[in-house]
Amino acid sequence: MQNKRRAWRSFLFFLLIGIAAVLFLFPIILEQVNAQIDELGITVGLPIEFLAALSLVNPLLFIIIGLTIGHFLAEKTGFTSLAYERDRYGKPFFSRFKAILPSSIGYGVLTGVVILIADYLFLPYISKQLDGLAEEATFSIVDLGTRLLYGGVAEELMLRFGVMTLLVFLMWKIFQRRAPKPGPAIVWTGIILSALLFGLGHYGATAAITEMTPVVFLRMIFLNGFGGLIFGWLYWRKGLEAAMIAHMFTHVVFILVYLLRSFV
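Residues in the sequence shown are numbered consecutively from 31, following this note's numbering.
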């Protein structure tokens, strides 16, 4: 029997991590707001810190929405979370976490390597503004926290626990409502759609940097969507934490390569 009361501990646990992830965005957003104000040459009547804090409301809301969707629908749809299963059924957490750790790290590293190779192959056909490796690498606690907590945890709460779970749940109820759980075709459709939505979500930022040519569009979709396919599959087969670990180690690969590039 489910322990619904204790399951809220997992909700609060992930919510606290999500809040921490958003807070790591604050210095980055503050710098961007300062740059925009300087570029426009305007004077604002509100503290810049307040404007930057307001910009954090949207990502925080998306995290809460994704977490809420996953809290109520993930298990019904056939998805798992080690933290939730610990609270609901008393299943061990750390032993199961250690069991998924090696493969999750491996998939994360592989994903990072594939994305970097693809990015390198796109270089001759894109603007230099999109070449992140051409910039001087930086490393700080803010960079690390943003990549690992926001990229690795918060985005999985939004995209896998939230968007992917909701898409699969809705398609299951529409197309396979007599089935006890959604079939592989439904799940793979949800994986692909959530990955595509994440890729398309970068359209505005990419278009602001360079002209949106077909090659630039393809690069945007692949670089941002490929990881979603891997993380979505891991969420389906090994649980939410496996997707988070893999996503985090994808960013670890990026960090290491950027730092190595800065010394070359």
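Note that the Cβ used here is the ideal one computed from N, Cα and C, for glycine as well. Here the structure is a predicted model, which means the values were calculated and not measured.
Please specify which runs of the beta strand (DSSP E), each continuous and at least 3 residues long, are wholly inside the segment 212–252, giving them in chain order.
None, since the segment 212–252 contains no complete beta strand (DSSP E) of that length.
Residue 145 and residue 253: beta carbons closer than 8 angstroms?
Result yes, Cβ atoms of residue 145 and residue 253 sit closer than 8 angstroms.
Do you know how far the Cα of residue 63 is from the Cα of residue 81?
Cα to Cα, the separation comes out at about 8 angstroms.
When you compare only the Cα positions, how much space is there between residue 39 and residue 115?
For residue 39 and residue 115, the gap between their C-alpha atoms comes out near 11 angstroms.
Residue 47 versus 107, 185, 37, residue with shortest Cα-Cα distance:
Ranked by Cα distance from residue 47, the first of 107, 185, 37 is 185.
Spatial neighbours of residue 248 within its chain, please: C-beta separation below 6 angstroms, excluding the five flanking residues on both sides.
Residues of the same chain with a CB within less than 6 angstroms of the CB of residue 248, apart from the 5 flanking positions on each side, do not exist.
Classification of residue 117 by the beta-carbon crowding that lies within 10 angstroms, buried from 16 upward
Buried, by the Cβ-count rule.
Using a Cβ distance threshold of 8 angstroms, determine whether the segment 124–135 contacts the segment 263–274, with at least three qualifying pairs required.
Counting C-beta pairs closer than 8 angstroms gives three or more between the segment 124–135 and the segment 263–274, which meets the contact rule.
Does the separation of the CB atoms of residue 232 and residue 257 fall below 8 angstroms?
The Cβ atoms of residue 232 and residue 257 lie no closer than 8 angstroms to each other.
How do the segment 196–215 and the segment 175–184 stand: do at least 3 beta-carbon pairs fall below 8 angstroms, yes or no?
No: fewer than three Cβ pairs fall under 8 angstroms.
Go through its chain and collect everything with a Cβ distance to residue 263's Cβ below 8 angstroms, but skip five positions before and after it.
These residues qualify, in order along the chain: 221.
Should residue 164 be labelled buried (16 or more other beta-carbon atoms within 10 Å of its own) or exposed?
Bear in mind that a pLDDT of 48 at residue 164, under 50, signals an unreliable position, so the number given afterwards is only what the model happens to contain. Result: exposed.
For the 8 angstroms Cβ check, are there 3 or more pairs between the segment 231–245 and the segment 191–200?
The segment 231–245 and the segment 191–200 do not touch, with fewer than 3 CB-CB distances between them shorter than 8 angstroms.
Same chain, Cβ closer than 8 angstroms to residue 166, five either side skipped, listed in chain order
Caution is warranted here: a pLDDT of 49 is assigned to residue 166, below 50, making its placement in the model unreliable, and no coordinate value can be reported.
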